[in-house]
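Asker: One structure is given below, represented as structure tokens, and several questions about it will come after.
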Amino acid sequence: MISSNLTDFSRIEYQEILTIPIILIQKGNQTFGELKNSIYHSKVIMKVEPINKIDKKNYPLSNNNFPTSYDIKNRSSMYNIAFSSNSPEYYPSQCCESLHASHAVYLSLILQLFFFVCIGILYYMLEQQNYVAAIAVFRPALIFFGIVNLIGIFCALIGVFREKNIFLQIQITILTGLITFADIFALFLIFIMAIGTRSKTTSLIPGKLVNVDKFEVLLGPFWIYICAISLHMCAAAMMCFNGVNKKFSIYLQDKIRYQELNHQGAENIQVLKIVPTDERV
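According to the working numbering, the sequence shown holds residues 1329 to 1609 in order.
See the structure below:
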């Protein structure tokens, strides 16, 4: 039962989660059947979830948890739920909301592969110009992270082509690990720069890893800070890639949820929110 003090059916946000068949929705003494014409004429969007996957008592009531939009359309014999694939929620902000998640994920993978190639070329040039002192450390590390990165890109491509969310989750996990490592290493460089010559260990570490004199000539006396900032910028770029992947993952989850609803039928769902198509109302 919906509280009778909700007089405007064009915009309803429930104070509690209601598990009811669509045809039994009531508003005071009025049934949903009596109100359906006005609802269909206003082309409302209903956000729904299958009841067999939700613990009613423990499920938090938050619109952020229910991103899927479904258009409720009237048919003479049944109620049909149509998935709104072009919802603004599926346009990632990382692409200025100009590309759908299904297209933005391709751009993300292309840019990720491009940056990987650029970093590989940059390291090769630094090694050839004798900027790198600890080749035995940097070369295996770069090869390892490169292989991991390529595995993530490959898994993401499989996830996109086959619409399998599990493969996207592998890429998201790998990128999260790379982001964490890049930021930790950046903090390590800043720590070395901050301690400086006050500690014998921190003063010797840079010289063991790279050719300090050449880096000072190239980047100046604060070259360690510049390297740390560059690592943090790489982490920020990977966060953008991850944001696009997560948005596409949400899109896939919502699409699968809609298919489950269509398979189960719309007569037994959980109503979470009813709003007009025009969200500005």
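Note that beta-carbon positions come from the ideal geometry of N, C-alpha and C, so glycine has one too.
Find out if the Cβ-Cβ distance for the pair L1559, L1517 is shorter than 9 Å.
Answerer: In contact: L1559 and L1517 (Cβ atoms closer than 9 Å).
Asker: Is S1413 near H1431, with beta carbons less than 9 Å apart?
Answerer: No, the Cβ-Cβ distance between S1413 and H1431 is not below 9 Å.
Asker: Taking C-alpha atoms, which residue in N1477, E1455, L1478, F1482 lies nearest to R1467?
Answerer: Per the Cα distances, E1455.
Asker: Could you tell me the distance, in whole angstroms, from the CA atom of V1376 to the CA atom of N1570?
Answerer: Low confidence applies to V1376: its pLDDT is 41, below 50, so where it sits in the model is not reliable enough to give any reading.
Asker: Taking I1611 as the reference, give the member of Q1457, C1562, V1540 with the closest Cα.
Answerer: Since the displayed the chain opens at 1329 and closes at 1609, residue 1611 lies outside it and no answer follows.
Asker: Compute the Euclidean distance between the alpha carbons of Y1407 and C1423, then round it to the nearest angstrom.
Answerer: Confidence at Y1407 is low in this model, with a pLDDT of 45, below 50, so the placement of that residue is unreliable and no value is reported for it.
Asker: Exposed or buried, what is S1426 when buried is set at 16 or more other beta-carbons lying within 10 Å of its beta-carbon?
Answerer: So S1426 counts as exposed.
Asker: Taking the runs of the alpha helix (DSSP H) that are 4 residues or longer, which of them lie wholly in the stretch 1468-1530?
Answerer: The qualifying runs are 1493-1523.
Asker: I believe I1481 touches L1441 by the beta-carbon criterion, under 8 Å. Please report the beta-carbon distance rounded to the nearest angstrom.
Answerer: Right, their Cβ atoms sit about 6 Å apart.
Asker: Note the first and the last residue of the continuous alpha helix (DSSP H) segment covering C1615.
Answerer: In this structure the chain extends from 1329 to 1609, so residue 1615 is not present and cannot be described.
Asker: With 16 as the cutoff for other CB atoms within 10 Å, does F1495 come out buried or exposed?
Answerer: It is buried - the Cβ of F1495 has at least 16 other Cβ atoms within 10 Å.
Asker: Please report the Cβ distance between K1574 and Y1418, rounded to the nearest whole angstrom; I am assuming they are in contact, meaning their Cβ atoms lie under 8 Å.
Answerer: Going by Cβ atoms, the distance from K1574 to Y1418 rounds to 12 Å, so no, they are not a contact pair.
Asker: What's the gap between the Cα of H1369 and the Cα of V1445?
Answerer: Here the model assigns H1369 a pLDDT of 40, short of 50, so the residue's position is not dependable, and the following value carries that caveat. So the alpha carbons of these two residues sit roughly 54 Å apart.
Asker: If you check the beta carbons only, do L1478 and M1566 fall under 9 Å apart?
Answerer: Cβ atoms of L1478 and M1566: not closer than 9 Å.
Asker: Excluding five sequence neighbours on each side, which residues of the same chain lie with their C-beta closer than 8 Å to the C-beta of P1416?
Answerer: E1425.
Asker: Let me know if P1420 comes out buried or exposed under the rule of 16 or more other beta-carbons within 10 Å of its beta-carbon.
Answerer: Burial call: buried.
Asker: Scan the stretch 1526-1583 and note each continuous alpha helix (DSSP H) run of 4 residues or more that stays entirely inside, going in chain order.
Answerer: List check, alpha helix (DSSP H) in window: 1528-1537, 1540-1547.
Asker: Could you compute how far the alpha carbon of I1533 sits from the alpha carbon of A1484?
Answerer: So the alpha carbons of these two residues sit roughly 37 Å apart.
Asker: Taking just the CA atoms, how far does S1531 sit from I1475?
Answerer: Whole-angstrom Cα-Cα distance: 32 Å.
Asker: Comparing alpha-carbon positions, which option in K1528, L1546, L1580 lies nearest E1488?
Answerer: According to the sequence displayed, residue 1488 carries Val and not Glu. Per the Cα distances, L1580.
Asker: Answer yes or no: do G1548 and I1554 have a C-beta to C-beta separation smaller than 9 Å?
Answerer: It is a contact, given that the beta carbons lie within the stated cut-off.
Asker: According to the Cβ coordinates, are F1543 and Y1459 closer than 9 Å?
Answerer: Contact: yes.
Asker: Going by the beta-carbon positions, is the gap between F1473 and L1506 smaller than 9 Å?
Answerer: Contact: yes.
Asker: Please go through the same chain and pick out, in chain order, the residues whose beta-carbon is closer than 6 Å to the beta-carbon of D1511, but skip the five residues on each side of it.
Answerer: Answer for D1511: A1563, listed in chain order.
Asker: If we ignore side chains and look at the alpha-carbon of each, how far apart do M1561 and Y1586 end up?
Answerer: If you take the alpha carbons of M1561 and Y1586, they lie about 38 Å apart.
Asker: Who are V1465's beta bridge partners in DSSP?
Answerer: The partner list for V1465 (beta bridge, DSSP) is empty, contrary to what the question assumes.
Asker: In chain order, what residues of the same chain have a beta carbon less than 8 Å from the beta carbon of A1461, not counting five sequence neighbours either side?
Answerer: Same-chain partners within the cutoff: G1535, K1536, L1537, V1538, N1539.
Asker: Classify I1500: buried if its beta carbon has 16 or more other beta carbons within 10 angstroms, exposed otherwise.
Answerer: By the 10 Å Cβ count, I1500 comes out buried.
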